[in-house]
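Residue numbers (the numbering used here): -17 to 639.
Each residue gets a CB set at the ideal place from its N, CA and C atoms; glycine is no exception.
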């Protein structure tokens, strides 16, 4: 046996080594050639796969930009950011090393010193990685401007013509100003406005040709004026008799979800609004002043405390008397407030409070709040002031009407800057609806915390009149949230009246041509109209206002009448710039259209047409109106070309299951 091993020991050694090598190398080979978790394909662009590691890198880049204070400028989703950079690379966009260095320097990271290395170390990166992320930001900004069809105007920029660099410069300027004492004096509202202006200013301006801009400005600056007659329908017995049950059902179904006066196109609405019933005790400041007396001796003593031995003049006496009167009235009002607060706190004592700050009133809980008459008697006996009681408890009234009651319309909580109308909306009945299945909401269902814990049956915190300081104690006795009527029967009378108005309005519109002919032959002032007034120069309908909502100018007695405005400008569209409108035949100067919001017919006689000159247009184009003009021209329904949905469609990106 030993002889056999000695004979074949070399072969055994070779085979053993080979086996050991295979044993050690197979796991490594499996690990090397098997798909890595980071290389898992999660999507595709055409035939090319997109791996999870690529998306993770995009997510990491956004995180770094966030930590560099650029989250507001790079407010993108992960896939959106990845696709932007992918498309920018395909388009050949880039950023120079100089631009990257300037961008880092704008964030306080000098790439020529150790600051870059220190910043990269804090972020767990290399300096090259930090530069790469900043380069991505600059490229993405340039891509965004191009993809959005915007041009970039670097006027006033000191860094370069790169959109990203100028955005960084403007961000620094805005942040520096917000940290200044001057900005702090204006408060949060001004700061939010400044931030919004900054966001708008970095958007660039549209790639609009000067002729197109001139044409749009021409339309925006054009004005029409004339004489306007507003005719209202007459609801007679024939209009009422012509209403069918089917019409009532149709009108009810169409407007039952609208609040009264809020429907469209007609100003109908059958939804029952938020309603309350309430009672209030008021201590008017004037009533307090009427109980305060200031004698001559009081005035003289007060004056001589500041001016020993002097005798006041008549003006000085009146000034001191007024000051003493205000002080004593304020003191008496504070006494009344402390008295009322004490009584209310005594009634709440011993009653548990819910997490939202409201009292837990239920079976077995005695909340014995004193009646307002008792509180009024206490105030009267303590201060000599006659309080005023207000009661609206016999029926529910709309919240808007309750908020407009005498004294309460200008009352609220000054320390929170909350008016009474806002406090009413803190009632639980008017809050968001609870989910049908709270358990299914999971962690997303957070406990509601009320700013002011207002509830039915419990007096609100004492309110103060913002004008003169009068006190108001208000107790809501019932609350009913807005809801649709149960059936047509609940509002049948109102719906029938509105249906008759529609019938009469349609009949009036049917007489449009006859009324135009009458106005042309007899003159517009001969019409039997509710009102006939001069219409001062008005513009055409804006395509889109800066807040994103289309709007028509307001005409006297007619309000917003978009159809009438459109008809007026259509009538003058073909006229030459130097046309004498008043020389035209009367029939060519008259236009008519229904005003659905008022349920009236408007007839306008055009008397004048104002148009801008070529010099006006050239001046406007040369001025800084383009940014505002962009927001007028962009249709509300237009999709953002760099939104994630638009990028997915344009690049053909699909998710892998």
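Since residue 476 and residue 248 should fall inside the 8 Å C-beta cutoff, what is the C-beta to C-beta distance between them, to a whole number of angstroms? Actually they do not touch by this definition, with Cβ atoms about 13 Å apart.
Straight-line Cα distance separating residue 630 from residue 86: 31 Å
Quiz item: How many angstroms separate the CA atom of residue 141 from the CA atom of residue 121?
Solution: The predicted position of residue 141 is uncertain, since its pLDDT is 39 and thus under 50; a value taken from the coordinates is nonetheless stated next. Their Cα atoms are separated by approximately 16 Å.
- Where residue 482 and residue 233 are concerned, what is the direct C-alpha to C-alpha distance, given to the nearest angstrom? 11 Å
#### Entry: Integer-rounded CB distance, given that residue 633 should sit under 8 Å from residue 65
6 Å
Margin query: Excluding the 5 residues flanking residue 406 on each side, which residues of the same chain have their C-beta closer than 7 Å to its C-beta?
Written below: 258, 381, 384, 385
When the Cα of residue 452 is compared with those of 506, 369, 306, which residue comes out closest? 369
Kindly list the residues whose CB is nearer than 8 Å to the CB of residue 572, restricted to its own chain and excluding five residues on each side of it in sequence; keep chain order.
-> 498, 501, 502, 506, 585, 586, 587, 588
Self-check item: Buried versus exposed call for residue 101 [16 or more other C-beta atoms within 10 Å across all chains shown]
Solution: buried
query: What is the DSSP secondary structure of residue 466, reduced to helix, strand or coil?
result: coil
Extent of the continuous beta strand (DSSP E) to which residue 46 belongs | Element bounds for residue 46: not the beta strand (DSSP E) but the alpha helix (DSSP H), 34 to 49.
Review point. Where does residue 270 land, buried or exposed, given buried means 16+ other C-beta within 10 angstroms?
Key: buried
Please check the pair residue 574 and residue 583, which I expect to be a contact at CB under 8 Å, by giving their CB distance rounded to whole angstroms. 6 Å
Is the beta carbon of residue 322 less than 8 Å from the beta carbon of residue 274?
-> no
TODO: On a CA-only basis, which of 37, 126, 80 is nearest residue 628? Give me that one, please.
DONE: 126
At the level of alpha carbons, what is the spacing between residue 279 and residue 268?
24 Å
Item to complete: Classify residue 211 as helix, strand or coil using the three-state DSSP reduction.
Response: strand
Legend entry - Whole-angstrom distance between residue 77 and residue 89, CA atom to CA atom: 17 Å
Check residue 519 in the structure and name its three-state DSSP category. strand
Does the distance from the CB of residue 392 to the CB of residue 262 come in under 8 Å? no
Item to complete: Whole angstroms is fine: what's the gap from residue 46's alpha carbon to residue 339's?
Response: 41 Å
- [ ] Note down the Cα distance separating residue 116 from residue 107, rounded to an integer number of angstroms.
- [x] 13 Å
Exercise for review: Starting from the C-beta of residue 424, find all residues in its chain whose C-beta is less than 6 Å away, skip the five residues before and the five after it, and write them out in chain order.
Suggested key: Residue placement at residue 424 is poorly supported in this model, since its pLDDT is 40, which falls under 50; the coordinates still yield a value, given next. Excluding positions up to five away in sequence, the list is empty.
Checklist entry - Does the beta-carbon of residue 151 have 16 or more other beta-carbons within 10 angstroms, so that it is buried, or is it exposed? => result buried
message = Just to confirm my understanding: we take residue 60, look at its own chain, exclude 5 residues before and 5 after, and list those with CB closer than 8 Å. What are they?
response = 37, 40, 41, 44
Out of 561, 576, 227, 63, point me to the one whose CA is closest to residue 549's CA. 576
At the level of alpha carbons, what is the spacing between residue 511 and residue 539? 11 Å
Checklist entry - When DSSP labels each residue in this structure, what does residue 250 get in the three-state scheme? => result coil
Exercise. Looking at C-alpha atoms only, which residue of 459, 149, 439 is the closest neighbour of residue 374?
Worked result: 459
- Query: Are three or more beta carbon pairs between the segment 198 to 217 and the segment 513 to 523 nearer than 8 Å?
  - Reply: yes
- Between which two residues does the alpha helix (DSSP H) carrying residue 592 extend? Taken as a continuous stretch (DSSP letters only), residue 592 belongs to no alpha helix (DSSP H), being part of the beta strand (DSSP E) at 582 to 592.
Check the C-beta distance from residue 265 over to residue 361 and give it rounded, since I have them as a contact under 8 Å.
6 Å
Exercise. Considering only C-alpha positions, which residue in the set 91, 69, 486, 235 is nearest to residue 51?
Worked result: 91
In terms of alpha-carbon separation, which member of 239, 439, 119, 447 lies closest to residue 464?
-> 239
(message) Let me confirm a value: residue 300 is counted as buried when at least 16 other C-beta atoms fall within 10 Å, else exposed. Which label applies?
(response) exposed
Fill in: Distance, residue 302 Cα to residue 363 Cα
29 Å
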